[in-house]
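Please read the structure below before turning to the comments.
Number of protein chains: 2
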Amino acid sequence: MKIRVAIAGYGNLGRGVESAVSAAPDMELCALFTRRDPASIKTVSGVPVYSMEKAFEMTDDIDVLVLCGGSANDLPTQTPELAKHFNVIDSFDTHAKIPEHFANVDVSAKDSKKVAIISVGWDPGMFSLNRLYGQAILPCGNDYTFWGKGVSQGHSDAIRRIEGVLDARQYTIPVEAALESVRAGKNPELTTREKHTRECFVVAEEGADLSKIESEIVNMPNYFADYDTTVHFISQEELNRDHAGIPHGGRVFRTGTTNGGKNSHVIEYSLKLDSNPEFTASVLTAYARAAYRLNKEGICGAKTVLDIAPAYLHPASGEELRRSLL
Amino acid sequence: MKIRVAIAGYGNLGRGVESAVSAAPDMELCALFTRRDPASIKTVSGVPVYSMEKAFEMTDDIDVLVLCGGSANDLPTQTPELAKHFNVIDSFDTHAKIPEHFANVDVSAKDSKKVAIISVGWDPGMFSLNRLYGQAILPCGNDYTFWGKGVSQGHSDAIRRIEGVLDARQYTIPVEAALESVRAGKNPELTTREKHTRECFVVAEEGADLSKIESEIVNMPNYFADYDTTVHFISQEELNRDHAGIPHGGRVFRTGTTNGGKNSHVIEYSLKLDSNPEFTASVLTAYARAAYRLNKEGICGAKTVLDIAPAYLHPASGEELRRSLL
Numbered sequence: 012m013k014i015r016v017a018i019a020g021y022g023n024l025g026r027g028v029e030s031a032v033s034a035a036p037d038m039e040l041c042a043l044f045t046r047r048d049p050a051s052i053k054t055v056s057g058v059p060v061y062s063m064e065k066a067f068e069m070t071d072d073i074d075v076l077v078l079c080g081g082s083a084n085d086l087p088t089q090t091p092e093l094a095k096h097f098n099v100i101d102s103f104d105t106h107a108k109i110p111e112h113f114a115n116v117d118v119s120a121k122d123s124k125k126v127a128i129i130s131v132g133w134d135p136g137m138f139s140l141n142r143l144y145g146q147a148i149l150p151c152g153n154d155y156t157f158w159g160k161g162v163s164q165g166h167s168d169a170i171r172r173i174e175g176v177l178d179a180r181q182y183t184i185p186v187e188a189a190l191e192s193v194r195a196g197k198n199p200e201l202t203t204r205e206k207h208t209r210e211c212f213v214v215a216e217e218g219a220d221l222s223k224i225e226s227e228i229v230n231m232p233n234y235f236a237d238y239d240t241t242v243h244f245i246s247q248e249e250l251n252r253d254h255a256g257i258p259h260g261g262r263v264f265r266t267g268t269t270n271g272g273k274n275s276h277v278i279e280y281s282l283k284l285d286s287n288p289e290f291t292a293s294v295l296t297a298y299a300r301a302a303y304r305l306n307k308e309g310i311c312g313a314k315t316v317l318d319i320a321p322a323y324l325h326p327a328s329g330e331e332l333r334r335s336l337l
Numbered sequence: 012m013k014i015r016v017a018i019a020g021y022g023n024l025g026r027g028v029e030s031a032v033s034a035a036p037d038m039e040l041c042a043l044f045t046r047r048d049p050a051s052i053k054t055v056s057g058v059p060v061y062s063m064e065k066a067f068e069m070t071d072d073i074d075v076l077v078l079c080g081g082s083a084n085d086l087p088t089q090t091p092e093l094a095k096h097f098n099v100i101d102s103f104d105t106h107a108k109i110p111e112h113f114a115n116v117d118v119s120a121k122d123s124k125k126v127a128i129i130s131v132g133w134d135p136g137m138f139s140l141n142r143l144y145g146q147a148i149l150p151c152g153n154d155y156t157f158w159g160k161g162v163s164q165g166h167s168d169a170i171r172r173i174e175g176v177l178d179a180r181q182y183t184i185p186v187e188a189a190l191e192s193v194r195a196g197k198n199p200e201l202t203t204r205e206k207h208t209r210e211c212f213v214v215a216e217e218g219a220d221l222s223k224i225e226s227e228i229v230n231m232p233n234y235f236a237d238y239d240t241t242v243h244f245i246s247q248e249e250l251n252r253d254h255a256g257i258p259h260g261g262r263v264f265r266t267g268t269t270n271g272g273k274n275s276h277v278i279e280y281s282l283k284l285d286s287n288p289e290f291t292a293s294v295l296t297a298y299a300r301a302a303y304r305l306n307k308e309g310i311c312g313a314k315t316v317l318d319i320a321p322a323y324l325h326p327a328s329g330e331e332l333r334r335s336l337l
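Residue numbers (my numbering), protein chains in the order written: chain A, 12 to 337; chain B, 12 to 337.
See the structure below:
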């Protein structure tokens, strides 16, 4: 019998999970829940669409529920609430609030005896895993995380809020010289400015003061002031044509020494993603498999990727994995 | 109280574990066991040295035993035997025989209610983990493993067995064009020859027939015949001066698509190691921590890296890991 997966929320992430579940040999998509009018939603797979409240009547029909809402407004309440009834997965990514979110979800999931895996994706997620493996193997060393080249939604939104701006797309770009220095094991101390640059493609209103917009962008505190930022003004047609994708990626390094500093080692984990939400959705789907399996073994409570033994993520048996992957 | 670690075998790997345990804040080295005369061994750390048989009288003094023997002759008998009395870690790396070794060790460890983690290191080990994560996240895709640049002990030994050869060092080198093609997401089908080249530094006897030696090397079945191989004749002094290290490394790629092939993704995990045995030893030491912790929770039996939740490897608490790594 296949693992019965449901999705809550049908934005980019939800559509990514829909596609990832279709690609999984051992899973089937059984429902999509939305807070919009279900009749207004046309899914790619044709999976039935229900209003969010309907989920509570379908607890026996769903093995694991993948939550595809946002970290700012949806997940802080949605994950603890739904973990009272379902095995759940979320991609909560407000790093500073993860301990609080974990604690809230843990209460619900222990009460319902379900598994809730939070903060799944690539950062937090696969990058967190690689930081952990790196530190555990090379305790004498340094961590480095670089993001990009990729689209930052938060920075694009910040530009759009400037007067005179119609649309914008912001790329975060790692500085090649910094990457090379880390990769060479030089253990550099890098400032914010030395690690990443920011490149902005902006569509301005006709007659807007372009130099004023540019100045507002490059001097914006928190978002741009600490970076070398380049601004390009382009037309809406160019933005739609050349910047429609949502690529992202990045690298986690652990550099360290053994034998009292005599020998150096460099571990590098890198992602180059054509679609940030589709890759994140693929990670969520693999952890949905793990949540279901763990719960079948009687495990419950909140978990993160750090708590999940890798074999639970893969559809093959332990025997097959030992034969083919070790 | 610190985790009491003992080592069986004091070659390069055993010395690496000795150093790695010293660098771990939560571990102490309590004994070294050897099949040589204990009086003949001078350890770096000053840890007491005992003959192998003495281990069986010290079962209450040791939390986990790290086995540092060879896969060909030592581990197939040693690991199942010692798992009858201790939590053990080994680096068994004869890939084709891992299922058989696992089964043998599992019987012993279940009987003694101990944990035995086998085939720990980087390949098998960290590379296996990355193959698993990659396949689980991107089920529609391809795996690629490249090794090097690094010293292959097996190939160096094979050259030394040729008549007229006094000493040799062989480097396995990945082909840059192949790496670039994989990294670009081109999903190439690569032959053995297209993936790696082999470079040999050979010290010949005075008056030896160099062209005959070279021909024997490059045409040697299994080891060299399927590769483009370069042979350099050098003096013993040059070999000792320029090729004394044991560097290695490599890369595991998972390339794949989402959304029915519309978007491509590249995951790359790479290691660049100054000392192959010291890095392997560092991985063994992290998994020794996990074996001890799992056993304290009542877990027993044979395990591989695929079965171990990452958090068990790191000395910090789950709470601290969520706060600092996610």
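For glycine and all other residues, C-beta sits at the position ideal for the given N, C-alpha and C.
Report the neighbours of residue 151 of chain A on chain B: residues whose CB is nearer than 9 angstroms to its CB, in chain order.
Residue numbering aside, residue 151 of chain A sits at position 140 when the first sequence is read from its first letter. Neighbours of residue 151 of chain A on chain B, chain order: 34.
Determine which residues of the stretch 16-41 of chain B have a Cβ less than 9 angstroms from any Cβ of chain A, and write them out in chain order.
Those would be 26, 27, 30, 31, 33, 34, 35, 36, in chain order.
Could you tell me which residues DSSP pairs with residue 211 of chain A in its beta bridges?
Stepping through the first sequence from its first residue, residue 211 of chain A is reached at position 200. Per DSSP, A/181, A/242.
Note the first and the last residue of the continuous alpha helix (DSSP H) segment covering residue 290 of chain A.
Against the first sequence, residue 290 of chain A aligns to sequence position 279. Note, residue 290 of chain A: alpha helix (DSSP H), 287-307.
Go through its chain and collect everything with a Cβ distance to residue 124 of chain B's Cβ below 6 angstroms, but skip five positions before and after it.
As a working note, residue 124 of chain B is residue 113 in the second sequence. The residues are 311.
Is it a yes or a no for the stretch 268-285 of chain A touching the stretch 164-174 of chain A, going by three-plus beta-carbon pairs under 8 angstroms?
In short, these stretches do not touch, since the Cβ pair count stays below three.
Starting from the beta carbon of residue 110 of chain A, find every residue of chain B whose beta carbon is closer than 8 angstroms, and list them in chain order.
Working through the first sequence from its first residue, we reach residue 110 of chain A at position 99. The contacting residues are 330, 333, 334.
Check whether the stretch 95-114 of chain A and the stretch 127-136 of chain A touch, using three or more Cβ-Cβ pairs below 8 angstroms as the test.
Touching, yes, given that three or more Cβ pairs across the two stretches are closer than 8 angstroms.
Give the interface partners of residue 146 of chain A over in chain B, defined as CB-CB distance under 7 angstroms, in chain order.
Position 135 of the first sequence, counted from the first residue, corresponds to residue 146 of chain A. The answer, in chain order, is 325.
If contact means a Cβ-Cβ distance below 9 angstroms, which residues of the stretch 205-238 of chain A contact chain B?
Hits within the stretch: zero.
Taking only beta carbons into account, state which residues of the stretch 269-291 of chain B come closer than 9 angstroms to chain A, listed in chain order.
Within the stretch 269-291 of chain B, the residues whose Cβ lies closer than 9 angstroms to some Cβ of chain A are 269, 270, 271, 273, 274, 275, 276, 277, 278, 279, 280, 281, 282, 283, 284, 285, 286, 289, 290, listed in chain order.
Using a Cβ-Cβ cut-off of less than 7 angstroms, give me the residues of the stretch 292-303 of chain A that come near chain B, in sequence order.
If the cut-off is 7 angstroms between Cβ atoms, the stretch 292-303 of chain A has 293, 294, 297 near chain B.
List in chain order: all unbroken alpha helix (DSSP H) runs of 4+ residues lying wholly within the stretch 91-150 of chain B.
Those alpha helix (DSSP H) runs which fall completely within the stretch 91-150 of chain B and span 4+ residues are 109-123, 137-148.
May I have a chain-ordered list of the beta strand (DSSP E) segments no shorter than 3 residues that lie completely inside the stretch 25-65 of chain A?
Fully enclosed beta strand (DSSP E) runs of 3 or longer: 38-45, 60-62.
Within the continuous beta strand (DSSP E) that includes residue 14 of chain A, where are the two ends?
Position 3 of the first sequence, counted from the start, is the residue given in the question as residue 14 of chain A. Per DSSP, residue 14 of chain A belongs to the beta strand (DSSP E) from 14-19.
Answer yes or no: does any C-beta atom of chain A fall closer than 8 angstroms to that of residue 139 of chain B?
As a first step, residue 139 of chain B is located in the second sequence; it is residue number 128 there, counting from the start. Residue 139 of chain B counts as touching chain A.
Just confirm the distance between the C-beta atoms of residue 276 of chain B and residue 190 of chain A, as a whole number of angstroms; I'd bet it's less than 8 angstroms.
The count along the second sequence starts at 1 and reaches residue 276 of chain B at position 265. The count along the first sequence starts at 1 and reaches residue 190 of chain A at position 179. That belief does not hold up - the Cβ atoms of residue 276 of chain B and residue 190 of chain A are roughly 20 angstroms apart, past 8 angstroms.
Going by alpha carbons, who is nearest to residue 280 of chain B out of A/212, A/86, A/142?
For the purposes of this step, residue 280 of chain B is identified with residue 269 of the second sequence, where counting begins at 1. Nearest of A/212, A/86, A/142 to residue 280 of chain B, Cα basis: A/142.
With 16 other CB atoms within 10 Å as the buried threshold, where does residue 70 of chain B fall?
Counting from one through the second sequence, the residue named residue 70 of chain B turns up at place 59. Looking at its Cβ environment, which holds fewer than 16 other Cβ atoms inside 10 Å, residue 70 of chain B is exposed.
Where do the N-terminal and C-terminal ends of the beta strand (DSSP E) with residue 265 of chain A fall, by residue?
Locating residue 265 of chain A in the first sequence gives position 254, counting from the first residue. Run containing residue 265 of chain A: 259-269, per the beta strand (DSSP E) assignment.
Mapping the DSSP letters down to three states, classify residue 317 of chain A as helix, strand or coil.
Within the first sequence, residue 317 of chain A is the residue found at index 306, counting from 1. Of the three classes helix, strand and coil, the one that applies to residue 317 of chain A here is helix, per DSSP.
Helix, strand or coil for residue 254 of chain A, going by three-state DSSP, please let me know.
The residue labelled residue 254 of chain A in the question sits at position 243 within the first sequence. Residue 254 of chain A: coil per DSSP, three-state reduction.
What's the C-alpha gap between residue 326 of chain A and residue 75 of chain B?
Start at 1 with the first residue of the first sequence, and residue 326 of chain A comes out as number 315. Start at 1 with the first residue of the second sequence, and residue 75 of chain B comes out as number 64. The alpha-carbon atoms of residue 326 of chain A and residue 75 of chain B are separated by roughly 32 angstroms.
Contact check, residue 212 of chain A vs residue 185 of chain A under 8 angstroms by CB: the rounded distance?
On the first sequence, residue 212 of chain A is found 201 positions in, with the first residue counted as 1. On the first sequence, residue 185 of chain A is found 174 positions in, with the first residue counted as 1. Actually they do not touch by this definition, with Cβ atoms about 18 angstroms apart.
For residue 36 of chain B and residue 78 of chain B, I'd like the C-alpha separation in whole angstroms.
Numbered from its first residue, the second sequence carries residue 36 of chain B at position 25. Numbered from its first residue, the second sequence carries residue 78 of chain B at position 67. C-alpha separation (whole angstroms): 21 angstroms.
Taking the alpha-carbon of residue 293 of chain B as reference, which of B/101, B/13, B/53, B/59 has the nearest alpha-carbon?
Counting from one through the second sequence, the residue named residue 293 of chain B turns up at place 282. For residue 293 of chain B, the nearest C-alpha among the options comes from B/101.
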